[in-house]
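Here is the structure we will look at.
4 protein chains.
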Amino acid sequence: MSTAKPRLRDLGITIGTMSPGELNAITDVPGVRVGQTTVIHGDGPLRVGEGPARTGVTAVHPHEGSVWAEQVPVAIEILNGAGEITGHANIDEFGMLASPVMITNTLSVGAVHQATVEWQVRMHPQIGPEEWSAPVVAETYDGFLNDTAGQHVTREHVWEALDSATSGPVREGNCGGGTGMLLFGFKGGTGTSSRIVEFDGQPYTVGVLVQGNFGGREQFMVDGVPVGREITDLQLERGASPGTVSDGSIIVVIATDLPLSDRQLSRLCRRGMLGLSRVGSVASNGSGDLLIAFTNHPDCRVPYPDEPTIITSPRLADGILTPAFQATVEATEEAVINAMVAAETMTGRDGNTAYALPHDRLVEAMRKYGRLH
Amino acid sequence: MSTAKPRLRDLGITIGTMSPGELNAITDVPGVRVGQTTVIHGDGPLRVGEGPARTGVTAVHPHEGSVWAEQVPVAIEILNGAGEITGHANIDEFGMLASPVMITNTLSVGAVHQATVEWQVRMHPQIGPEEWSAPVVAETYDGFLNDTAGQHVTREHVWEALDSATSGPVREGNCGGGTGMLLFGFKGGTGTSSRIVEFDGQPYTVGVLVQGNFGGREQFMVDGVPVGREITDLQLERGASPGTVSDGSIIVVIATDLPLSDRQLSRLCRRGMLGLSRVGSVASNGSGDLLIAFTNHPDCRVPYPDEPTIITSPRLADGILTPAFQATVEATEEAVINAMVAAETMTGRDGNTAYALPHDRLVEAMRKYGRLH
Amino acid sequence: MSTAKPRLRDLGITIGTMSPGELNAITDVPGVRVGQTTVIHGDGPLRVGEGPARTGVTAVHPHEGSVWAEQVPVAIEILNGAGEITGHANIDEFGMLASPVMITNTLSVGAVHQATVEWQVRMHPQIGPEEWSAPVVAETYDGFLNDTAGQHVTREHVWEALDSATSGPVREGNCGGGTGMLLFGFKGGTGTSSRIVEFDGQPYTVGVLVQGNFGGREQFMVDGVPVGREITDLQLERGASPGTVSDGSIIVVIATDLPLSDRQLSRLCRRGMLGLSRVGSVASNGSGDLLIAFTNHPDCRVPYPDEPTIITSPRLADGILTPAFQATVEATEEAVINAMVAAETMTGRDGNTAYALPHDRLVEAMRKYGRLH
Amino acid sequence: MSTAKPRLRDLGITIGTMSPGELNAITDVPGVRVGQTTVIHGDGPLRVGEGPARTGVTAVHPHEGSVWAEQVPVAIEILNGAGEITGHANIDEFGMLASPVMITNTLSVGAVHQATVEWQVRMHPQIGPEEWSAPVVAETYDGFLNDTAGQHVTREHVWEALDSATSGPVREGNCGGGTGMLLFGFKGGTGTSSRIVEFDGQPYTVGVLVQGNFGGREQFMVDGVPVGREITDLQLERGASPGTVSDGSIIVVIATDLPLSDRQLSRLCRRGMLGLSRVGSVASNGSGDLLIAFTNHPDCRVPYPDEPTIITSPRLADGILTPAFQATVEATEEAVINAMVAAETMTGRDGNTAYALPHDRLVEAMRKYGRLH
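Going down the list, the sequences are from chains R, H, A and P.
Numbering of the first sequence is given in this note's numbering, commencing with residue 3 and proceeding in unit increments.
Numbering of the second sequence is given in this note's numbering, commencing with residue 3 and proceeding in unit increments.
Numbering of the third sequence is given in this note's numbering, commencing with residue 3 and proceeding in unit increments.
Numbering of the fourth sequence is given in this note's numbering, commencing with residue 3 and proceeding in unit increments.
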């Protein structure tokens, strides 16, 4: 693993009944690549444009190559729309993904959008004179810790995330777009998990990556245990500036290599919602709870712009999909908790501080409720 | 209470942190009326058209009067669409409910639709020559116990449910449209619950009624406790006829007296989905998980056909809605479990049997996982 | 042709630039079968339950066999939702059509729904004990001429429409579900048209059948000519009972043998909306403008219940679909006008009368605006 | 008027039957302000980043003040989703508009998004540390004439459009975001129109502004007359670079001062689609046909962030909305043609040329088909 830090399962805690993939990460789906740029600098009072910066950007490539040139089925679903995901109309119309999935902070959507377009133009010079692009950029809000209005995510950060993306273990916690995020009043961030599902004797993977930034402490649950009601201290600490903390948001990226249609992928997205409920989400008013799912199954990909006249794509019969639904629920739930287990205490702008979820007290709560012995 | 049977809270088990209304029922919302006709007759082998019948129909009136003549804001949302709810296009277009909400078995939708129209025509003779109606009829599938194809729900049953509807306690379990339903491999049926929410010092109610018929045993949870993995016996028993049990479904009716817009009611529906997740739903492939929410707040009602030129309706600011979301999650979760706690073991067509959830073993499981002492 | 009556093209008027199929009907799509039962009896004052009856039911079978056992891709889209189409949730979830498309009057939806279920149960006895059905029943309002509340469409009428359905010419005007309908203040009803589209040198067909019942006279256009402003007499005549005429509605059934996905079929539906605009629709408030599209391309069909584990269906590349869009616009426009050209003057309940569009004056208007010489 | 150029009505051609407002522009809606920055420089071969530039940005402020601080009801609807409009999820969830509506070229969405955020932060410094923003940025594609990949729209251009916006006449044709656009193979661009509707004796306005860039020549219609089939020369001319022209797109901004809910505004959007059909749109595959509608009726506005606990907004009864639908259809149709009448022949990158619609030949075609004498 890219990190020696324990993950949820290293603490002896499992979620659900299905088996994770080898890395227990979205990158268990063969070909999926993740790149993250973490932007941390400065301390002390907020000076817009100067810092402190506690932010970043995450890029998810659906496969080994350029997804603009080899597009994949995709769907977006919204549990609560207090957020942004660009490229939505295009995805609803065609059901195909033609850009990497980018995740950043709320006010850097424009910068990341422009830089992603420029990165695509560099690879595909026909974008502009003959072709177009509507990249997918999603966001959650890191203004408690970060100088969000300061536009600290630059073209170079975006290109670095895109260019450095790899398969293999995925760094979790305070990194990439998740750097400055919060979860249930603890430090949140980037998390991932996966599940194996079998059809016709063939193993496939459902992998989830979240940028998690939502929830009130009291709601926090792990495998049904009300952990948030057991750990009531270690709340967010305001530094110099008084104020309230907004509701937060979560972006859920669901990847699979199952042969699925875009319609079926929207079904997976709705199961991601159910996974959010399991950790305690009530989708509070200001939370942008946005889900995107794609499959990179080789026979579901469509070359572009030279697509064949007739496209023949396989899909699993809907009648046998329930295990894939269960996998999505479980992997979403675990990805959120993995983000919290990996995240470390962070002090950001104006001395605002978010504490890490203490592993020992998590374990203690699980013991108290009969889940660990 | 209309029944001496214990409910979930009588067993010492509570769901969530908010307080239920006086009856812990959808009828805690002032004016809401529920009527149920239960149709049970015959035993032994299935003879289509003869029986055995284990079915019925449930009517929910949004307020004291005729909802056609005094319409209320409403929204429908679909978690998984393997089901039927009529009146959908009309509700999406206008956001107003103009019929009682009817729930029955899958193949009786047509009969209940026609009988509901006839009942409305009886009250409002202009329906037909000058006006129209698109009643709301939803369904779940009771074919494991009932002669579903036999059309045992008649005009008289429908009119009886409509005419006998009252406020006050709501019968739960094997009654009304829920008569022949299953939940997590136990006997399911009709259940209800409510929560009180306060805004500006005023108490309001969110009430939920479900017709529950979904879920695999292993998924069943109560307040986060994996009860379904603790009680693995008492599975559905096939009698004379072999075969599989279909996925089932759930209809969730959410009523409130909060001042809300139809758009905000669709937000409540989506929180009902999160409540379903808490009892273990993964929204399996064949489950029709359909949610409908209305408010009967007096100032949100619109008289028909003599509606005013300009309608001025109050709504709560979205920014303060989160407690209403939490209330919906909790009441939905509890309504499903209430249905199971109330339901009694039933043998139906071909000797097929569904067992009641045993209260003692439920309590035992909750103790094992630290929820009861 | 099944009728010696002239159609729009027989008057020398063509719509658009693409060629119709041999019959210029939805049945140009090989395998599509249409059945219509027309219910006309009685005269004079309205006596609810007695008559006069001016109504009926139309059945569209997507192919030669049972669509429950061999399902086809389908989509529904709503231009204005003041109407009913059942089976909507199921179609949105799975994108597959499992029942014939039934069209009738507004208050007979329940009766037709029940009769369709019973007809399906007769053919497939597993519906009930093991399987379910959510038939598609749509409606428009014929209360100006018909005793709509009187429930004059019976099980026998429905079964007759279903059993007598054939390929070949389709009767238009005052027949089937369209019997008592109005269009632009003239007599309306059932109409049909088709267009041929070529892909890869192969001809395919887009066929449309409408049950048309909408529009104000002033809005009526034919190929861009404001015919409704040229023929201002021959308005609806009220007999004994005063009152206003409601907005009406239109059901548009789009059939094709193109290889398309359900997502692409929803794109066709939206082009049907554009076709309605061309005849003058502004989708007035009370109009239920509902569109359903299916393909019966052999390789897009899925057998049920024994569907294969992996379904491999062809679809045209979206990039080449525009001619199919144009075809849908044109065929929808022409189907509405065909309904009017075929419809004959009708007197119904209370002596209410709707006049036929006079062919000579239509021709005269087209001449005046330079479309005919 | 801000321009001496004739508009469609100056040529004696009227669309529909309703009266336009004084300016026949979106700014007839009191308070609506439009700002446009036009970016034209360079000639000759395309050098990405250098030019030639034929582009710009358009800003529509819903009222006199900051829409972030005083939000208005809004809805977005999609006829064909091959385009981008940001802020969509947020608008669907809350039905409120919190940013000006920005329109630019396809690949400048990111730059305009970022600049709009920065402009909002300048006015409302709480955006960032305490609050967020999800601005609305839409686009159409100008790559036939413009160096789209060259990112010629800068922060300064965006701020200029935002800061210079005024009520009063709106410049049409080759200006703002519409600078480099095409319509039906002629030069397209920005166009506007309006209609007056009366309710309860009060006049209200429906105003439309389009950034038009779609359509094949043969489809072009004016008031039902097939003008595109009458003027078959003056086609797009390719200069140095061969290639095809993509399908284009259209953004339709509908403004009104009618008291309407967000749900009702989505109904207006769908009527905008019907208006597009009237000029000949079949919503071709690659066309991003996106519609957004808002009302700035004073009693429909909601202050932010200090919104009242209970919001009481007026809306017209749906039953009387049809004239507002008709107004939307007519104003959309006329706005598109106004864009063409105002646009002038333009030569852009690589010498590519789009010709203006010749006024005399338009008039001639209208005469031929009996619309002008």
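Heads up, the beta-carbon is just placed ideally off N, CA and C, and yes, glycines get one too.
Bear in mind the structure is a predicted one, so any value in this text is a computation, not a measurement.
Quiz prompt | Alpha-carbon to alpha-carbon, histidine 154 of chain A and threonine 330 of chain H | solution = Each residue's alpha carbon lies about 43 Å from the other.
Quiz prompt | Range of the contiguous beta strand (DSSP E) that encloses valine 34 of chain A | solution = Segment: none, valine 34 of chain A is in no beta strand (DSSP E) and carries neither H nor E.
Quiz item: When the Cα atoms are used, what is the spatial distance from isoleucine 80 of chain R to glutamate 86 of chain R?
Solution: Rounded to the nearest angstrom, the gap between the Cα atoms of isoleucine 80 of chain R and glutamate 86 of chain R is 10 Å.
Self-check item: Close-in-space but distant-in-sequence residues of the same chain around valine 139 of chain H (CB under 6 Å, 5 per side omitted)
Solution: Shown here for valine 139 of chain H: same chain residues with a beta carbon closer than 6 Å to its own, the five before and five after excluded, namely Thr88, Met104, Val111, Val114 and His115 in chain order.
Quiz item: Cβ of valine 284 of chain R less than 8 Å from any chain H Cβ?
Solution: At a cut-off of 8 Å between beta carbons, valine 284 of chain R contacts chain H.
Quiz prompt | Runs of alpha helix (DSSP H) wholly within the stretch 56-128 of chain H (minimum 4 residues, chain order) | solution = List check, alpha helix (DSSP H) in window: 90-96 and 111-125.
Practice problem: Report yes if the CB atom of tryptophan 121 of chain A is closer than 8 Å to the CB atom of leucine 164 of chain A, and no otherwise. | Solution: A Cβ-Cβ contact shorter than 8 Å links tryptophan 121 of chain A with leucine 164 of chain A.
Quiz item: In angstroms, rounded to a whole number, what distance separates the CA positions of leucine 267 of chain A and alanine 77 of chain P?
Solution: Between leucine 267 of chain A and alanine 77 of chain P, the alpha-carbon positions lie close to 24 Å from each other.
Quiz item: Should threonine 108 of chain A be flagged as near chain H, meaning a C-beta pair shorter than 8 Å?
Solution: True, the Cβ-Cβ gap to chain H drops below 8 Å.
Exercise. Just tell me which of H/Arg265, H/Pro75 and H/Gly282 has its CA closest to the CA of glutamate 220 of chain H.
Key: With distances taken between Cα atoms, glutamate 220 of chain H lies closest to H/Gly282.
Quiz prompt | Rounded C-alpha distance that separates arginine 157 of chain A from arginine 124 of chain A | solution = Their backbone Cα atoms lie some 13 Å apart in a straight line.
Quiz item: The beta strand (DSSP E) spanning glutamate 381 of chain A covers which residue range?
Solution: An answer regarding residue 381 of chain A cannot be provided, because it is not within the stretch 3 to 375 covered by chain A.
Quiz item: Does the beta-carbon distance from isoleucine 313 of chain H to proline 316 of chain P come in below 8 Å?
Solution: Yes. Within cutoff.
Self-check item: Check whether leucine 397 of chain P and valine 229 of chain P have beta carbons under 8 Å apart
Solution: Outside the displayed range of chain P (3 to 375) lies residue 397 of chain P, so it cannot be described from this structure.
Quiz prompt | Exposure of histidine 43 of chain H, with buried meaning 16 or more beta-carbon neighbours within 10 Å | solution = Counting every other CB atom within 10 Å of its CB across the protein chains shown gives histidine 43 of chain H a total below 16, marking it as exposed.
Quiz item: Relative to chain A, which residues along the stretch 279-310 of chain P have a C-beta separation below 8 Å, given in chain order?
Solution: Correct list: Ser279, Arg280, Ser283, Val284, Ala285, Ser286, Asn287 and Gly288.
Exercise. Return the first residue and the last residue of the alpha helix (DSSP H) that threonine 330 of chain A is part of.
Key: Looking at the DSSP string, the run of the alpha helix (DSSP H) that includes threonine 330 of chain A is 324-344.
Exercise. Find the residues of chain H that neighbour phenylalanine 327 of chain R, judging by a C-beta separation of less than 8 Å, and give them in chain order.
Key: Within 8 Å Cβ-Cβ: Val284, Ala285, Ser286 and Asn287.
Quiz item: Can the beta-carbon of arginine 197 of chain P be found less than 8 Å from the beta-carbon of proline 22 of chain P?
Solution: Yes, they are a contact pair.
Quiz item: Which first and last residues belong to the alpha helix (DSSP H) in which alanine 319 of chain A is found?
Solution: Counted as a single uninterrupted DSSP element, the stretch harbouring alanine 319 of chain A is not any alpha helix (DSSP H), since DSSP gives it neither H nor E.
Quiz item: In terms of alpha-carbon separation, which member of H/Val343, H/Leu318, H/Ser289 and H/Glu332 lies closest to leucine 276 of chain H?
Solution: Of the residues H/Val343, H/Leu318, H/Ser289 and H/Glu332, the one whose Cα lies closest to the Cα of leucine 276 of chain H is H/Glu332.
Quiz item: At least one CB of chain H closer than 8 Å to the CB of leucine 211 of chain P: is that the case?
Solution: No, its Cβ sits nowhere closer than 8 Å to a Cβ of chain H.
Quiz item: What's the call for threonine 168 of chain H, buried or exposed, on a 16-neighbour Cβ count within 10 Å?
Solution: Counting C-beta atoms within 10 angstroms of its own C-beta, threonine 168 of chain H has fewer than 16 neighbours from the protein chains shown and is therefore classed as exposed.
Practice problem: State buried or exposed for threonine 234 of chain A, treating a residue as buried only when at least 16 other CB atoms are found within 10 Å of its CB. | Solution: Residue environment for threonine 234 of chain A: exposed (fewer than 16 other C-beta atoms within 10 angstroms of its C-beta).
Exercise. Spell out whether any CB of chain H is found under 8 Å from the CB atom of aspartate 94 of chain A.
Key: Aspartate 94 of chain A counts as touching chain H.
Quiz item: Checking contacts by CB at 8 Å: is isoleucine 87 of chain H closer than that to chain A?
Solution: Chain A, which has a Cβ nearer than 8 Å to the Cβ of isoleucine 87 of chain H, makes this yes.
Quiz item: Can you list the residues of chain R that valine 227 of chain H reaches, using a CB-CB cut of under 7 Å?
Solution: Residues of chain R passing the Cβ test: Gly226.
Quiz item: chain R beta carbons: is any one of them nearer than 8 Å to that of threonine 118 of chain H?
Solution: Threonine 118 of chain H does not count as touching chain R.
Quiz item: In the stretch 193-269 of chain H, which residue ranges form an unbroken beta strand (DSSP E) of at least 3 residues, counting only runs that do not cross its ends?
Solution: With a minimum length of 3 residues, the continuous beta strand (DSSP E) runs that stay inside the stretch 193-269 of chain H are 204-216 and 250-258.
Practice problem: Mind listing the chain R neighbours of glycine 321 of chain A? Cutoff is C-beta to C-beta under 7 Å, in chain order. | Solution: What glycine 321 of chain A touches in chain R, judged by beta-carbon distance under 7 Å, is Glu309, going in chain order.
Self-check item: Host beta strand (DSSP E) of aspartate 291 of chain H (start-end)
Solution: Unbroken beta strand (DSSP E) run through aspartate 291 of chain H: 290-297.
Quiz item: chain A partners of glycine 51 of chain R, CB-CB under 8 Å?
Solution: Simply none; closest approach about 43 Å.
Quiz item: Could one say the Cβ of asparagine 82 of chain R lies closer than 8 Å to chain P's Cβ atoms, at least one of them?
Solution: So yes, asparagine 82 of chain R belongs to the interface.
Quiz prompt | valine 59 of chain P versus valine 41 of chain P: straight-line alpha-carbon distance, rounded | solution = Using only the alpha carbons, I get a separation of about 8 Å.
Quiz item: What whole-angstrom Cβ distance do glutamine 73 of chain H and leucine 99 of chain H have, given they're in contact under 8 Å?
Solution: Indeed they touch by this definition, with Cβ atoms about 6 Å apart.
Quiz item: Exposed or buried, what is glycine 83 of chain R when buried is set at 16 or more other beta-carbons lying within 10 Å of its beta-carbon?
Solution: Buried is the label assigned to glycine 83 of chain R, since at least 16 other Cβ atoms lie within 10 Å of its Cβ.
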